[in-house]
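Novice:
Chains as they are written, first to last, in this note's numbering: chain S, 1 to 160; chain X, 1001 to 1117.
#1: Closer than 9 angstroms by beta-carbon distance: list the chain S residues that pair up with residue 1025 of chain X, in chain order.
#2: Taking 8 angstroms as the threshold (beta carbon to beta carbon), is residue 65 of chain S in contact with chain X?
#3: Of all the CB atoms in chain X, is at least one closer than 8 angstroms to the CB of residue 73 of chain S?
#4: How many angstroms separate the CA atom of residue 963 of chain X from the CA atom of residue 1052 of chain X?
#5: Determine the extent of the alpha helix (DSSP H) in which residue 73 of chain S is found, giving its start and end residues.
#6: Can you tell me where the alpha helix (DSSP H) holding residue 160 of chain S begins and where it ends?
#7: Is residue 197 of chain S helix, strand or coil when you go by DSSP?
#8: Mind checking residue 13 of chain S: buried by the 16 CB within 10 Å criterion, or exposed?
#9: Nearest chain X C-beta to residue 140 of chain S closer than 8 angstroms, yes or no?
#10: Can you tell me whether residue 47 of chain S is buried or exposed, with buried defined as 16 or more other CB within 10 angstroms of its CB?
#11: So which residues of chain X does residue 83 of chain S contact, with C-beta pairs closer than 7 angstroms?
#12: Can you give the beta carbon distance from residue 1026 of chain X to residue 79 of chain S, rounded, assuming they're within the 8 angstroms contact cut?
#13: Please determine, among S:124, S:4 and S:85, the residue with the shortest C-alpha to C-alpha distance to residue 1019 of chain X.
#14: Judging by CA-CA distance, which residue of S:76, S:66, S:65 and S:71 is the nearest neighbour of residue 1064 of chain X?
#15: Which residue marks the beginning of the alpha helix (DSSP H) containing residue 64 of chain S, and which one marks its end?
#16: Starting from the Cα of residue 1023 of chain X, find the closest Cα among X:1110, X:1050 and X:1074 and give me that residue.
#17: Which residues bound the alpha helix (DSSP H) around residue 1110 of chain X?
#18: What are the residues in the region 1098–1114 of chain X lying within 9 angstroms of chain S by C-beta distance?
#19: Can you pull the chain X neighbours of residue 124 of chain S, defined as C-beta to C-beta under 8 angstroms?
#20: List, in order along the chain, the chain X residues whose C-beta lies closer than 8 angstroms to that of residue 90 of chain S?
#21: Helix, strand or coil for residue 11 of chain S per DSSP?
#22: Any C-beta of chain S sitting closer than 8 angstroms to the C-beta of residue 1062 of chain X?
#23: Quick one: complete alpha helix (DSSP H) runs, 4+ long, within the region 1050–1089 of chain X?
#24: When you compare each of S:146, S:6 and S:92 to residue 118 of chain S by their alpha carbons, which one comes out closest?
#25: Going by beta carbon distance, what residues of the same chain come within less than 8 angstroms of residue 1078 of chain X, once the five residues before and after it are set aside?
#26: Output the boundary residues of the alpha helix (DSSP H) element that contains residue 1017 of chain X.
#27: Evaluate the contact criterion for the region 145–160 of chain S versus the region 109–118 of chain S: three or more CB pairs, one atom per stretch, below 8 angstroms.
#28: Are the Cβ atoms of residue 1083 of chain X and residue 1068 of chain X separated by less than 8 angstroms?
Structural data, given as structure tokens:
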């Protein structure tokens, strides 16, 4: 009699354990399903994910390129015309360049040009399959940012 | 059909003309910028007469024109790529592309006017 009771008790215990385990398993499956639901389809918010350095250098190359096209090219030609046309226009250019706002804008375009140049050289080197490995690509994009800013600062010192 | 093998860059375009033009114009511009910087460094022009003297040499005029023509061509390839990426409507994109081409050609005429006047 005691033997059967003991058997029943153990059996009940085992069943309870199985139920608990199954419940737990179900919960895990539910959570996984929810996670999967959240992840697919994935919508990447470009402003919320932190961009890798090479991506920042790349988009800055594009933005600086567009700004160098407009208003960069007409401003460059206008400046060249003032430089060469006559003594009066040359003097007007010098006077214009005394204006701190104009100096700042010129320096901004110097930075656009230098960034575009440095990033462009980096892309040419990448085209030749040099520095394609992730570590090298990261390091070179950091150098592009540093060198273009440093040269812009040097140009600023010359301007002022 | 273009044969897959034996392609050379001076052959027919294979759709890589713009890609190559972008890089060739870039290298030409860098070469001119270096040359120009050296010339200005050595001659150190102080006034309009001295600046105009630098650009009075026919070689300098031609080199400067080629630099600015490279700039226009480079700008065309770059801006076209940007327009293709962001402007989905063919009508708006074509309109913008025409505007870009017309303005770049106008800039080139202006360049010639500045250099040869």
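Here a beta-carbon is modelled for each residue, glycine too, at the ideal position from N, C-alpha and C.
Specialist: Well, looking at it:
#1: Correct list: empty, because the minimum Cβ distance to chain S is about 11 angstroms.
#2: yes
#3: yes
#4: Since the first residue shown for chain X is 1001 and the last is 1117, residue 963 of chain X is missing from the structure and cannot be characterised.
#5: 73–84
#6: Element bounds for residue 160 of chain S: n/a, residue is neither H nor E.
#7: Chain S is shown only over 1 to 160; residue 197 of chain S falls outside these bounds and no answer can be derived.
#8: exposed
#9: no
#10: exposed
#11: 1051
#12: At roughly 22 angstroms, the Cβ-Cβ gap does not stay under 8 angstroms, so residue 1026 of chain X and residue 79 of chain S are not in contact.
#13: S:124
#14: S:76
#15: 53–67
#16: X:1074
#17: 1090–1115
#18: 1100, 1103, 1104, 1107, 1110, 1111, 1113 and 1114
#19: 1023, 1026 and 1027
#20: 1047, 1048 and 1051
#21: helix
#22: no
#23: 1058–1086
#24: S:146
#25: 1022
#26: 1017–1043
#27: yes
#28: no
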